[in-house]
Amino acid sequence: MDIADIGWLEDIQDAINLVNSVLQVTVALTRAIDVVNSIGGNLGIRGERGSSFLVLSWISSSLMVCATTFVLV
């Protein structure tokens, strides 16, 4: 087996890592906003979820998965 034959495995791993990272950011952001709202409520501090960053992150990970699929097919 030549080293060039396993390049597609790295593509799959990169796509999985990107989706995993976006999932972790989504969960961390949601939990951080909940903590800020629960602790900062008494101090007058309030957090809101911005959807544009999350949408951009999920679109980029979806495109990465599509690109990896296109390369493998």
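For the sequence shown, the positions run 1276 to 1348 when the working numbering is used.
Ideal Cβ placement from N, Cα and C applies to all residues, glycine included.
The structure displayed is predicted, hence computed values, not measured ones.
- Ranking N1292, D1289, G1282, R1324 by CA distance to the CA of R1306 puts R1324 first.
- D1309 has its alpha-carbon roughly 11 Å from the corresponding atom of V1302.
- Shown here, I1314 sits in a helix according to DSSP, grouped into three states.
- Going by C-alpha positions, E1285 is about 38 Å away from G1322.
- According to the DSSP assignment, I1320 belongs to no alpha helix (DSSP H), since it is labelled neither H nor E.
- Assignment of V1300 by DSSP, reduced to helix, strand and coil, places it in the helix class.
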